[in-house]
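*Asks:* Just so we're aligned, residue 293 is where the sequence shown starts under our numbering, counting upward by one.
Each residue gets a CB set at the ideal place from its N, CA and C atoms; glycine is no exception.
Everything numeric in this text was worked out from a predicted model, so none of it was measured.
This structure is in structure tokens; I'll ask about it shortly.
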Amino acid sequence: MSFKENIQALFAPKTVAVIGASAAPGKVGHTVVKNMQEAGFKGTLIPVNPKADEIMGLPVTKRIEDLPVGLDLAVIVVPVAAVVPSMEALAAIKCKSAIIITAGFKEVGKEGAALERKLIEICTAHDIAMVGPNCLGLLSTHNDNNASFAAGYPKQGSIAFFSQSGALCTAILDWALGEEVGFSKFVSMGNMAVVNEANMLEYLRTDPNTKVILGYIENVSNGADFIEQAAKVCREKPVIMIKSGTTAAGAKAASSHTGAIAGSDAAYTAAFRKTGVIRAGDMATLFDLALAFSTQPLPEGPGLCVVTNAGGPGILAADATEKSPLLHMARLSNSTIERLKEFLPPYASLYNPIDVVGDAPAERYRKTLEVVIDDPQVNSILVLLTPTASAQIVETAEAIIDIAKLTKKPIFVNYMGGMRIEPGVRMLGDAGIPCSIYPEPLIRSIETMYHYNLWRQTPAQEYPDIRRNRQKARLVINEARAKGATEVVEFQAQEVLRAYNLPTPNTVLARSSDEAVAGAEKIGYPVVLKIASPQISHKSDVGGVKVNLADAEAVKNAFFDITARAQRLRPEAYIAGCLVQEMAPKGCKEIIIGFKRDEQFGPLLMFGLGGIYVEILKDIAFRLAPLGRDDAKNIIREIKSYMLLKGVRGEPPVNFQAIEDILLTMSELALDFPEIQEAEFNPVLVNAEKAVVADVRITLSAQ
Ligand code: ADP
Ligand code: MG
């Protein structure tokens, strides 16, 4: 059997052995057997223990060697020293899958890590789908399978959850029991030595019992696999993830702005965006979204209708809706209003929010909702109820539940209050209608669902061909590497840019003031002079850049000035002379385009408004390579300063196409040369006509 088929055996086994089963209550080896029994497991359950004959009424097998060949699942709870020998014995009987609950591996240090590598070897050699080690186990409600030592077993449902944190599993399970939320699968991933998050996504994509996937991750074990699988599954079902614990590697000293700003969290955000994973910022949001996605249909449009029995709360909900960048308060059609007039009291408000007034009985809610669900402008509905003396809390809940059955539009309920609303809240929860005492989280859920629906419908991106001379760039990079350099000097880096057809200003290297003047005459005044030294990469820091030099005299003076100052401030630096450079036209905007290679996800491109304030304002956006046309368009529109680029007070907009081309080309460059660790164009000077890369820094990885 292949590894993929063996993952199936983890969830739907016919024969399960518990290695280290125990008759003593309280021991993990006891709880696992008990959990399997209480889940009503229909297959064969075999406790394995060398010293016992019978455990909880089940006959015991004494040695792994005596287990049936082709065993589906082994749950391992023996002490850490016995785990590797057990796995070896299981491999010998062709066991398909295993859950190693035992801890004491990678998470405790070197020795543990060595043991874990041994486990990986065994599993890889025999295609064993192994979950763990150091985990709580897993459960699959549609297979009556509770191969875990968790306390409690959720009811059947359509939410799958996998988590790197066992503690979080326990917490979510408890929430599920309290709220009576159903689950399809529940997996504590542990150290993810073999089965990882990408395997889980791949499996859950085709699991017919799973409608919504939740994941808690601290890191991914393989960035490329994660992206591939996540991108596939998100087109079919929503994946909601919570990510914590940014790695120390992200904070590593970096030589560019891009490196300093782009931590690993930015890379995860970009990976989620690229694949369509919905990121929950906190646990409350994760729960809200899990409920909303698993119970309600996706809104087909932005129009939300609020039906309320109180004015103030209705306005709160309307405010929250208007604040959302995607949703708006639906404009009800005339026929809806006419129909409402027929039965609503004359003092009711017929416009959205529809105020059915404080004395509204359940019937009035019912009739109103019957009308509202027919209005094509209404794509989602929020029912609001405050417990007035005449409010019929349970009857209104019943009416809402009935209406929800009649429509394909999502319905959310905001029962405000505490004690009196409790029976209604319970009833709505049981019927699968998301209910909260605040409107804001409900509106956020509706927004996220609508966003997901829109995203799912966006066609695949176009990845344009970039014309380039890779060999020419290769020569430059090889030459720098041959010298042992970790930075390609600016003059040479420009060669790389030209090989990729990127717009660079005319530039010559001048080793003397006379050469500088000659260069300036050739280029045409005004020019820029920049210090040229392999040791000085932040030129302005040493007064090494002078712009707008209008004549020979100015160029000469600037040359002496720049080189003398550089020598004084950096006596150790080798100074080749100055670059004489064509001046970009007046009125250009400065932007920054860079990339940094993320350990997990590869090149992470950054775009932002350039200049000296970039690290303070942090008005930047990220995308992972490869960039598609839409990425290039959207990354520019994502920054706050986009309006500046579009032009204010009658200014023309900058040439966006030129910026997009640079972004797409940089993405290609990053993929072509894995040895480029970071690259940064800062600034790119852009106006209405064109863009030019005025400064470039290329950093190579250590050899
Ligand atoms: P560094 O970043 O090493 O200090 P730059 O080459 O980026 O040096 O130059 C510093 C600043 O000088 C730029 O941010 C830009 O404002 C200006 N500048 C540099 N080159 C040009 C040019 N060719 N045309 C116009 N302005 C330039
Ligand atoms: Mg610069």
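(1) Within 10 angstroms of its Cβ, does V940 collect 16 or more other Cβ (buried), or is it exposed?
(2) In angstroms, rounded to a whole number, what distance separates the CA positions of A545 and R860?
(3) Out of curiosity, what's the CA-to-CA distance linking I695 and I665?
(4) Note down, in chain order, each residue of its chain lying with its Cβ closer than 8 Å to the Cβ of M999, except the 5 sequence neighbours on either side.
(5) If you count every other CB in all the chains shown that lies within 10 Å of the CB of D1044, and 16 or more means buried, which is it?
(6) Quick one: is G776 buried, meaning 16 or more other Cβ sit within 10 Å of its Cβ, or exposed?
(7) Enumerate, from N- to C-terminal direction, the unbroken alpha helix (DSSP H) stretches of 4 or more residues contained entirely within the stretch 324-400.
(8) Measuring CB to CB, does V504 end up less than 8 Å from S457?
(9) Would you kindly work out how many angstroms separate the C-alpha atoms of A543 and Y560, rounded to a whole number?
(10) Take A584 as the anchor and find which of A689, C727 and L469 has the nearest alpha-carbon.
(11) Going along the chain, which residues put their C-beta within less than 5 Å of some heavy atom in the ligand MG?
(12) Does the distance between the C-beta of M741 and the nearest non-hydrogen atom of the ligand ZN fall short of 7 Å?
(13) Under DSSP, the beta strand (DSSP E) around R250 begins and ends at which residues?
(14) Take V686 as the anchor and find which of Y707, V670 and N926 has the nearest alpha-carbon.
(15) State buried or exposed for K697, treating a residue as buried only when at least 16 other CB atoms are found within 10 Å of its CB.
(16) Any idea if A689 is buried or exposed, counting beta-carbon neighbours within 10 angstroms, 16 or more meaning buried?
(17) Whole-angstrom Cβ separation of G332 and D436, contact assumed at under 8 Å?
(18) Which of the three DSSP states is assigned to G939 in this structure?
(19) When the Cα atoms are used, what is the spatial distance from E380 to V340?
(20) Give a yes or no on contact between the stretch 428-447 and the stretch 471-481, applying the rule of three or more CB pairs nearer than 8 Å.
(21) Skipping 5 residues on each side, what residues in its chain have a beta carbon closer than 7 Å to that of L578?
(22) Quick one, which of L901, G444 and A681 has its alpha-carbon nearest S933's?
(23) Identify whether Y508 lies in helix, strand or coil by the three-state DSSP scheme.
(24) Helix, strand or coil for H830? Go by DSSP, reduced to three states.
(25) Taking the C-alpha atoms as reference points, what is the distance between E771 and S805?
(26) Based on Cα-Cα distance, which residue from D419, V372, A468 and A384 lies nearest to C427?
(27) Per DSSP, which one or two residues make a beta bridge with T307?
(28) Here's the rule: buried if 16 or more other CB atoms are within 10 angstroms of the residue's CB, otherwise exposed. What is E981?
(29) From the beta carbon of P726, is the nearest beta carbon of chain C less than 8 Å away?
(30) Pair every Cβ in the stretch 862-878 with every Cβ in the stretch 819-833, then say whether three or more of these pairs are closer than 8 Å.
(31) Does the ligand ADP have a heavy atom nearer than 7 Å to the CB of Q873?
(32) Quick one: any contact between the stretch 880-887 and the stretch 975-990, if contact means 3 or more CB pairs under 8 Å?
(33) Just to confirm, are T660 and L632 a CB contact at a threshold of 8 Å?
(34) Taking A410 as the reference, which of K386, S440 and S378 has the closest Cα?
(35) Tell whether a beta-carbon distance below 8 Å holds between I338 and T323.
(36) In three-state terms, what does DSSP make of L578?
*Replies:* Checking against the coordinates, here is how it stands:
(1) For the purposes of this step, residue 940 is identified with residue 648 of the sequence shown, where counting begins at 1. It is exposed - the Cβ of V940 has fewer than 16 other Cβ atoms within 10 Å.
(2) As a position in the sequence shown, residue 545 is number 253, starting the count at 1. As a position in the sequence shown, residue 860 is number 568, starting the count at 1. Only weak support is given to the placement of A545: the predicted model assigns it a pLDDT of 39, under 50, and the question is left unresolved by the model.
(3) What you label residue 695 is simply residue 403 of the sequence shown in a count that begins at 1. What you label residue 665 is simply residue 373 of the sequence shown in a count that begins at 1. If I take the Cα positions, the gap works out to 8 Å.
(4) Nothing can be reported for residue 999: it is not among the residues displayed for the chain, which extend from 293 to 995.
(5) Because the chain is modelled from 293 through 995, residue 1044 falls outside the range shown and cannot be assessed.
(6) Position 484 of the sequence shown, counted from the start, is the residue given in the question as residue 776. Counting Cβ neighbours within 10 Å, G776 comes out exposed, since fewer than 16 surround it.
(7) 375-384
(8) Counting from 1 along the sequence shown, the entry for residue 504 is found at position 212. Counting from 1 along the sequence shown, the entry for residue 457 is found at position 165. No.
(9) Translated into the one-based positions of the sequence shown, residue 543 becomes position 251. Translated into the one-based positions of the sequence shown, residue 560 becomes position 268. The pLDDT assigned to A543 is 42, lower than 50, so where the model puts this residue is not dependable, and the model offers no usable value.
(10) Within the sequence shown, numbered from 1, the residue matching residue 584 stands at position 292. With distances taken between Cα atoms, A584 lies closest to C727.
(11) N974 and D987
(12) Judged by which ligands are present, the ligand ZN is missing from the structure shown, whose ligands are the ligand ADP and the ligand MG.
(13) The structure shown does not extend to residue 250, since the chain spans only 293 to 995, so no value can be given for it.
(14) To locate residue 686, count along the sequence shown from 1; it is residue 394. Ranking Y707, V670 and N926 by Cα distance to V686 puts Y707 first.
(15) As a working mapping, residue 697 is identified with position 405 in the sequence shown. Exposed, since its Cβ has fewer than 16 Cβ neighbours within 10 Å.
(16) Within the sequence shown, numbered from 1, the residue matching residue 689 stands at position 397. By the 10 Å Cβ count, A689 comes out buried.
(17) Within the sequence shown, numbered from 1, the residue matching residue 332 stands at position 40. Within the sequence shown, numbered from 1, the residue matching residue 436 stands at position 144. Yes, they are in contact, since the Cβ atoms of G332 and D436 sit about 4 Å apart, within 8 Å.
(18) Residue mapping note: residue 939 aligns to position 647 of the sequence shown, counting from 1. In the structure shown, G939 sits in coil (DSSP, three-state: anything other than H, G, I, E or B).
(19) Stepping through the sequence shown from its first residue, residue 380 is reached at position 88. Stepping through the sequence shown from its first residue, residue 340 is reached at position 48. Answer to the nearest angstrom: the Cα atoms are 15 Å apart.
(20) yes
(21) By 1-based counting over the sequence shown, the position of residue 578 is 286. Cβ neighbours of L578 beyond the five flanking positions: L506, I532, I534 and A572.
(22) Stepping through the sequence shown from its first residue, residue 933 is reached at position 641. For the residues L901, G444 and A681, the minimum Cα distance to S933 belongs to L901.
(23) Mapped onto the sequence shown, residue 508 falls at position 216. If DSSP states are grouped into helix, strand and coil, Y508 belongs with the strands.
(24) Indexing the sequence shown from 1 puts residue 830 at position 538. Coil at H830, not helix or strand.
(25) On the sequence shown, position 479 is the one that residue 771 refers to. On the sequence shown, position 513 is the one that residue 805 refers to. Whole-angstrom Cα-Cα distance: 28 Å.
(26) In the sequence shown, counting from the first residue as 1, residue 427 sits at position 135. The shortest Cα separation from C427 among D419, V372, A468 and A384 belongs to V372.
(27) Within the sequence shown, residue 307 is the residue found at index 15, counting from 1. According to DSSP, which records beta bridges pairwise, T307 is partnered with T336.
(28) As a working note, residue 981 is residue 689 in the sequence shown. It counts as exposed.
(29) Absent here is chain C; the protein component of the structure consists of one chain.
(30) yes
(31) As a position in the sequence shown, residue 873 is number 581, starting the count at 1. Correct: Q873 has its Cβ closer than 7 Å to the ligand ADP.
(32) yes
(33) By 1-based counting over the sequence shown, the position of residue 660 is 368. By 1-based counting over the sequence shown, the position of residue 632 is 340. A contact, by the Cβ cut-off of 8 Å.
(34) Your numbering for residue 410 matches position 118 in the sequence shown. Per the sequence shown, the amino acid found at residue 410 is Lys instead of Ala. Nearest C-alpha to K410: S378.
(35) Start at 1 with the first residue of the sequence shown, and residue 338 comes out as number 46. Start at 1 with the first residue of the sequence shown, and residue 323 comes out as number 31. No, Cβ-Cβ distance for I338 and T323 is not below 8 Å.
(36) If you number the sequence shown from 1, residue 578 lands on position 286. L578 falls in the helix class under three-state DSSP.
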